[in-house]
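In the working numbering, the protein residues as written are 110 to 522.
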């Protein structure tokens with residue numbers, strides 16, 4: 110009787126390194142280094158500031174954990190830096206893998222992406238949160254100028270401090286916004302697809318037509334139609350919602366229920382808006398975004414050591430979803446199976462003051478894929494009592510359309 114042939118061991122695989130950043134506190138920026146797809150463990154992770162290795166005590170690195178799907182391993186290293194350090198310095202995460210001899214490094218800095226041509230000069234959407242695509246405008250009276258970082262590769266052991274220059278982009282001036290007069294140029298129309306939660310959790314999807322900067326409701330009409338003849342009848346739109354803005358203009362919202370099957374089959378819907386100030390009715394289409402679907406990888410991180418060792422009454426949990434396409438995604442939080450909020454990827458849309466979710470951003474070099482952060486502030490007392498917190502991510506690229514990660518305090522910690 111012959112014994113079964115043993116499977117040959119898998120060849121070693123080097124790590125992939127990605128660095129992300131978000132706000133962990135008003136005066137801190139949290140850097141996350143994801144080291145993935147390596148085998149076998151271990152891997153050592155170092156942080157560098159302006160090219161110089163930082164002391165090990167500055168960062169916290171999780172033990173390597175297996176990735177069941179890919180058969181490789183992954184780990185997460187977290188580093189908190191002050192807003193001043195983030196503004197003036199460049200940080201790198203370096204992973205060294207003994208089995209392959211690979212040394213892989215990824216760099217992040219507030220101004221790195223300003224070196225790209227045709228940069229758009231915009232203010233950040235959060236005062237202490239910056240992303241690759243949000244450079245900082247220096248002077249509102251000079252909208253084409255911003256501050257960029259001149260990266261110098263030093264040859265001396267002590268790296269040269271970065272130098273700052275003023276960059277002017279005359280080919281892309283800030284657009285002139287239309288005045289809020291009663292002209293058709295100020296009326297804007299947007300179509301909004303159904304949220305992932307409405308599609309795959311409650312299964313009550315609706316598409317929306319948003320009409321803004323209306324000087325009045327004179328002659329206002331919003332109607333829906335569908336392109337193509339291969340789909341069923343349209344549902345009845347919900348009653349038109351009108352609201353008045355602080356500047357005296359009106360906003361109209363029309364909602365149309367759709368079926369999950371119609372949406373996923375590629376049905377295209379058209380919103381047609383008429384108004385006394387429009388020379389002719391205007392139309393906007395909305396349909397499922399084309400392209401290959403990529404599911405998110407989801408990481409739920411416990412409170413950082415700096416918070417645990419402090420006297421803060423609250424602690425922060427961070428949920429990171431990365432590598433997904435398209436950018437339509439929802440994040441929900443639960444505590445002991447009690448729903449805390451559904452952010453939908455929009456800051457302030459949770460109904461929970463302790464929950465913040467930033468909109469999806471393109472990954473640097475991620476082939477058009479996206480990432481986002483969601484942060485939940487929890488009571489220290491609840492964490493220390495062992496409450497379980499769950500981050501649920503809803504995305505059409507996932508096999509079950511949603512994925513959950515849970516975290517709780519380990520006994521003895």
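The C-beta atom is built at its ideal place from N, Cα and C for all residues, glycine as well. These figures come from a predicted structure and were not determined experimentally.
Output the distance between the C-alpha atoms of residue i and residue j, rounded to the nearest integer angstrom.
{"i": "residue 382", "j": "residue 331", "result": "5 Å"}
{"i": "residue 129", "j": "residue 210", "result": "25 Å"}
{"i": "residue 512", "j": "residue 309", "result": "12 Å"}
{"i": "residue 315", "j": "residue 403", "result": "23 Å"}
{"i": "residue 193", "j": "residue 138", "result": "10 Å"}
{"i": "residue 190", "j": "residue 202", "result": "13 Å"}
{"i": "residue 171", "j": "residue 369", "result": "40 Å"}
{"i": "residue 466", "j": "residue 182", "result": "27 Å"}
{"i": "residue 379", "j": "residue 399", "result": "17 Å"}
{"i": "residue 124", "j": "residue 508", "result": "26 Å"}
{"i": "residue 175", "j": "residue 151", "result": "11 Å"}
{"i": "residue 122", "j": "residue 204", "result": "13 Å"}
{"i": "residue 206", "j": "residue 119", "result": "16 Å"}
{"i": "residue 327", "j": "residue 349", "result": "14 Å"}
{"i": "residue 195", "j": "residue 218", "result": "7 Å"}
{"i": "residue 495", "j": "residue 384", "result": "57 Å"}
{"i": "residue 165", "j": "residue 159", "result": "16 Å"}
{"i": "residue 173", "j": "residue 213", "result": "16 Å"}
{"i": "residue 154", "j": "residue 180", "result": "21 Å"}
{"i": "residue 57", "j": "residue 329", "result": "Not covered by the structure: residue 57. The range shown for the chain is 110 to 522."}
{"i": "residue 435", "j": "residue 145", "result": "22 Å"}
{"i": "residue 448", "j": "residue 356", "result": "36 Å"}
{"i": "residue 360", "j": "residue 353", "result": "6 Å"}
{"i": "residue 420", "j": "residue 407", "result": "29 Å"}
{"i": "residue 147", "j": "residue 468", "result": "29 Å"}
{"i": "residue 197", "j": "residue 295", "result": "40 Å"}
So, residue i versus residue j, is the Cβ gap smaller than 8 Å?
{"i": "residue 392", "j": "residue 375", "result": "no"}
{"i": "residue 188", "j": "residue 168", "result": "yes"}
{"i": "residue 482", "j": "residue 427", "result": "yes"}
{"i": "residue 317", "j": "residue 362", "result": "yes"}
{"i": "residue 411", "j": "residue 516", "result": "yes"}
{"i": "residue 208", "j": "residue 149", "result": "yes"}
{"i": "residue 107", "j": "residue 347", "result": "In the structure as shown, the chain starts at 110 and stops at 522, and residue 107 therefore has no counterpart that could be examined."}
{"i": "residue 313", "j": "residue 394", "result": "no"}
{"i": "residue 431", "j": "residue 472", "result": "yes"}
{"i": "residue 333", "j": "residue 319", "result": "no"}
Between the Cα of residue i and the Cα atoms of the options, which residue gives the shortest distance?
{"i": "residue 424", "options": "485, 447, 139", "result": "485"}
{"i": "residue 372", "options": "307, 360, 353, 434", "result": "307"}
{"i": "residue 474", "options": "172, 126, 119", "result": "126"}
{"i": "residue 514", "options": "467, 401, 405", "result": "405"}
{"i": "residue 417", "options": "492, 507, 505", "result": "492"}
{"i": "residue 437", "options": "504, 385, 499, 495", "result": "504"}
{"i": "residue 498", "options": "434, 490, 468, 409", "result": "409"}
{"i": "residue 163", "options": "147, 145, 199, 173", "result": "199"}
{"i": "residue 476", "options": "401, 356, 353, 490", "result": "401"}
{"i": "residue 490", "options": "518, 506, 463", "result": "518"}
{"i": "residue 510", "options": "197, 390, 433", "result": "433"}
What would DSSP say about residue i, mapped onto helix, strand or coil?
{"i": "residue 491", "result": "helix"}
{"i": "residue 148", "result": "strand"}
{"i": "residue 431", "result": "strand"}
{"i": "residue 167", "result": "helix"}
{"i": "residue 477", "result": "coil"}
{"i": "residue 381", "result": "strand"}
{"i": "residue 449", "result": "strand"}
{"i": "residue 324", "result": "coil"}
{"i": "residue 436", "result": "coil"}
{"i": "residue 159", "result": "coil"}
{"i": "residue 394", "result": "strand"}
{"i": "residue 303", "result": "coil"}
{"i": "residue 420", "result": "coil"}
{"i": "residue 372", "result": "helix"}
{"i": "residue 196", "result": "helix"}
{"i": "residue 486", "result": "strand"}
{"i": "residue 414", "result": "helix"}
{"i": "residue 140", "result": "strand"}
{"i": "residue 308", "result": "helix"}
Can you check whether the C-beta of residue i is within less than 8 Å of a C-beta belonging to chain D?
{"i": "residue 196", "result": "Within the model displayed, chain D is absent; a lone protein chain is all it includes."}
To the nearest whole angstrom, what separates the beta carbons of residue i and residue j, a pair I think is in contact under 8 Å?
{"i": "residue 501", "j": "residue 441", "result": "4 Å"}
{"i": "residue 304", "j": "residue 321", "result": "So it is not a contact: roughly 20 Å between Cβ atoms."}
{"i": "residue 143", "j": "residue 185", "result": "6 Å"}
{"i": "residue 358", "j": "residue 324", "result": "6 Å"}
{"i": "residue 141", "j": "residue 414", "result": "Contact flag wrong, Cβ pair sits at about 14 Å."}
{"i": "residue 377", "j": "residue 336", "result": "4 Å"}
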